[in-house]
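K.L.:
Residue numbers (this note's numbering): -19 to 525.
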């Protein structure tokens, strides 16, 4: 039997598995990615699920060298990403929430990157092409993992089949990552149960080609059109490529029998109008879930992305939360495989990432339920007389007051923190309030331990975030003080460590302390106005010892 030896085995070549390979490759860690699909592009083109790439995810792509590829992936820069609430594409408009196109959008003070629309049919190939830069990473299709055995200190052995010829392969690895989606076979084999609200609705997506769609109605370009009737929001039409491809989603029912009775052709005609030509590219039933794996790790196996957490898509945080898992796990595997991690470091993956996933899932569910909750004003919303106009005005006021936070979510996307992490050293400063809704405005960045290091522009034109990733970085604001004990402590433990002197008072004010220690995943590990008496104790704490 053929045998392959590799440090890390990744199951699943969706965006999370591919990103995991990118991060490990960037760290020069050997990685083998397996996927059962021989031609994944066909499935992705038919059902380009994820579409919004948040500024935080763009920061990850920036590190891996693919952010410009995402930026230039093909979505029109001048496309107006409004949100239109209406009865249908030919009927009255209820309200419009306006947003600037990418071409005129300005960077916020909080990130060096903008949010982009890049459907998964473009995003996944960008990540896959990025793997070519890293000889330590290989991708094999169509290969399927049949079973595996965790042998403890001896590592893992996975039984794999090459589906092209039936060949059996034995893969020996130190760690395995299940990035194989919501119906994860890895999670099932580990016997890890799921918890949470579970099934929220049975829904249907229709992927449509609608030639010259924007010329068939008078509502202007929009990222999505939300359709209302007496029940509230019952369907939505979402842009995919900024041209002719769109996704019509039936908002869902708690009953599978209700979904089965939906006449999608009639629904399409209802929203588009009787004479608008269209082609159904794909029709897919799906289940809206909020579900968490009870564990994100068992032995030498980790779960990431949908395998660890199923998050309702309403705020676009499913894939983006999974990419946060990648950033949270990659550097810890590097630390263990390169010999400088403490024995508790890998345990902190679940400690840090699960609360973020739980929060994102609960917030997305709350948003979905608000969208689906009708108010009495909706009862006459379709009436053709003055009563209908008044009902639509009341509905517009209700929507603008209660539903707009589903689209303006910058604080939600980049404001997560690891406040209770055992490898972040609490500095005693007040804990900022947790973002309990989709938005956090005004967003206030913080360099408190556990938070992501705030973005700022350096004099040389780089973002301060560009300093991080290759080990721990000690920011020395003012460039004074003898930090040699810190460097020596890191060297003693084999921890990659560098010191960067920064003489920019505005950045020092943002970070609030004279010395700030930043982890490889950009999260602050420690800060103080004075150097520690025992630098070795700090290094041991932040490396999981």
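Don't be surprised by glycine CBs; every beta carbon is placed ideally from N, CA and C.
1) Name, in chain order, the residues that DSSP records as bridge partners for residue 153.
2) Are the Cβ atoms of residue 73 and residue 66 separated by less than 8 Å?
3) Checking the sheet assignment: what are the DSSP bridge partners for residue 66?
4) Any idea what DSSP makes of residue 34, helix, strand or coil?
5) Give the secondary structure of residue 527 by DSSP, where H, G and I count as helix, E and B as strand, and everything else as coil.
6) When you compare each of 374, 367 and 49 to residue 104 by their alpha carbons, which one comes out closest?
7) Would you report the Cα separation of residue 450 and residue 262, rounded to the nearest angstrom?
8) Can you find the residues in the same chain that come closer than 8 Å, C-beta to C-beta, to residue 113, ignoring five residues on each side of it along the sequence?
9) Within 10 Å of its beta-carbon, does residue 77 have 16 or more other beta-carbons around it, so buried, or fewer, so exposed?
10) Expressed to the nearest angstrom, what Euclidean distance is found between the alpha-carbon atoms of residue 518 and residue 136?
11) Would DSSP call residue 105 helix, strand or coil?
12) Buried or exposed: residue 87, going by 16 or more other Cβ atoms within 10 Å of its Cβ?
13) What are the partner residues of residue 11, as DSSP defines its beta bridges?
14) Using a Cβ-Cβ cut-off of 6 Å (strictly less than) and excluding sequence neighbours within five positions of residue 412, which residues of its own chain qualify?
15) Return the chain-ordered list of same chain residues with a C-beta closer than 7 Å to the C-beta of residue 363, the five sequence neighbours on each side being excluded.
16) When the Cα atoms are used, what is the spatial distance from residue 2 to residue 332?
17) If we call anything under 8 Å between Cβ atoms a contact, is residue 555 one with residue 457?
18) Applying the 10 Å Cβ sphere with the 16-neighbour rule, what's the burial state of residue 181?
19) Is the Cβ-Cβ distance between residue 266 and residue 185 less than 8 Å?
20) How should residue 75 be labelled, buried or exposed, when 16 other C-beta atoms within 10 angstroms of its C-beta is the threshold for buried?
21) What are the start and end residues of each continuous beta strand (DSSP E) run of 3 or more residues lying completely inside the segment 412 to 465, in chain order?
22) Hey, residue 93 and residue 35 are a contact pair by Cβ (cut 8 Å); roughly how many whole angstroms apart?
23) Starting from residue 391, trace the alpha helix (DSSP H) in both directions and tell me its first and last residue.
24) Which stretch, first to last residue, makes up the alpha helix (DSSP H) that contains residue 478?
25) Helix, strand or coil for residue 100 per DSSP?
26) Are residue 327 and residue 302 close, meaning C-beta to C-beta below 8 Å?
27) Between 211, 95 and 223, which lies nearest to residue 201 when the distance is taken from Cα to Cα?
28) First and last residue of the alpha helix (DSSP H) that includes residue 303?
29) Do residue 497 and residue 454 have their beta-carbon atoms positioned less than 8 Å apart in this structure?
30) Applying the criterion that 16 or more other CB atoms from any shown protein chain within 10 Å of the CB defines a buried residue, is residue 501 buried or exposed?
31) Could you check what DSSP says for residue 272 in three-state terms: helix, strand or coil?
32) Flag this pair as touching only if the segment 290 to 299 and the segment 199 to 219 have three or more C-beta atom pairs under 8 Å; answer yes or no.
33) State the Cα-Cα distance for the pair residue 173 and residue 167, rounded to the nearest angstrom.
34) Have a look at residue 510 and residue 471 and give me their C-alpha separation to the nearest angstrom.
35) List the residues that DSSP assigns as beta-bridge partners of residue 282.
36) If I measure Cβ to Cβ from residue 203 and keep anything under 6 Å in the same chain, skipping five residues before and after, which residues do I get?
P.N.:
Working from what's here:
1) Residue 153 is bridged to 136.
2) By the CB criterion at 8 Å, residue 73 and residue 66 fall inside the cutoff.
3) Bridge pairing for residue 66: 73 and 207 [DSSP].
4) Here residue 34 sits in coil by DSSP.
5) In the structure as shown, the chain begins at -19 and stops at 525. Residue 527 is therefore absent and cannot be evaluated.
6) Comparing Cα-Cα distances from residue 104 to each of 374, 367 and 49, the minimum goes to 49.
7) Rounded to the nearest whole angstrom, the C-alpha separation of residue 450 and residue 262 is 43 Å.
8) So the list reads 5 and 45, once near-sequence residues are dropped.
9) Label assigned to residue 77: buried.
10) Spanning the alpha carbons of residue 518 and residue 136 requires a straight line of approximately 32 Å.
11) Of the three classes helix, strand and coil, the one that applies to residue 105 here is helix, per DSSP.
12) The Cβ neighbour count for residue 87, taken over all protein chains shown within 10 Å, is under 16; the residue is labelled exposed.
13) Residue pairing from DSSP places residue 11 in a beta bridge opposite -12 and 117.
14) Around residue 412: 426.
15) Residues 371 of the same chain have their beta carbon placed closer than 7 Å to that of residue 363, with the five preceding and five following residues left out of the count.
16) Each residue's Cα considered, the two are about 21 Å apart.
17) The first residue shown for the chain is -19 and the last is 525, placing residue 555 beyond what the model contains.
18) Classification for residue 181: buried.
19) Their beta carbons are under 8 Å apart, which means residue 266 touches residue 185 by this criterion.
20) By the Cβ-count criterion, residue 75 is buried, with 16 or more other Cβ atoms from all chains shown falling within 10 Å of its own Cβ.
21) List check, beta strand (DSSP E) in window: 452 to 457.
22) Yes, they are in contact, since the Cβ atoms of residue 93 and residue 35 sit about 5 Å apart, within 8 Å.
23) Here the alpha helix (DSSP H) through residue 391 covers 390 to 394.
24) Not the alpha helix (DSSP H): residue 478 falls in the beta strand (DSSP E), residues 477 to 482.
25) The three-state secondary structure of residue 100, taken from DSSP, is helix.
26) No.
27) Ranking 211, 95 and 223 by Cα distance to residue 201 puts 223 first.
28) Looking at the DSSP string, the run of the alpha helix (DSSP H) that includes residue 303 is 298 to 317.
29) A Cβ-Cβ contact shorter than 8 Å links residue 454 with residue 497.
30) Per the 10 Å Cβ criterion, buried.
31) If DSSP states are grouped into helix, strand and coil, residue 272 belongs with the strands.
32) Between the segment 290 to 299 and the segment 199 to 219 there are fewer than three C-beta pairs closer than 8 Å, too few to call the two in contact.
33) Straight-line Cα distance between these residues: approximately 8 Å.
34) One alpha carbon belongs to residue 510, the other to residue 471, and they sit about 21 Å apart.
35) In DSSP, residue 282 forms a bridge with 157 and 277.
36) 61 and 219.
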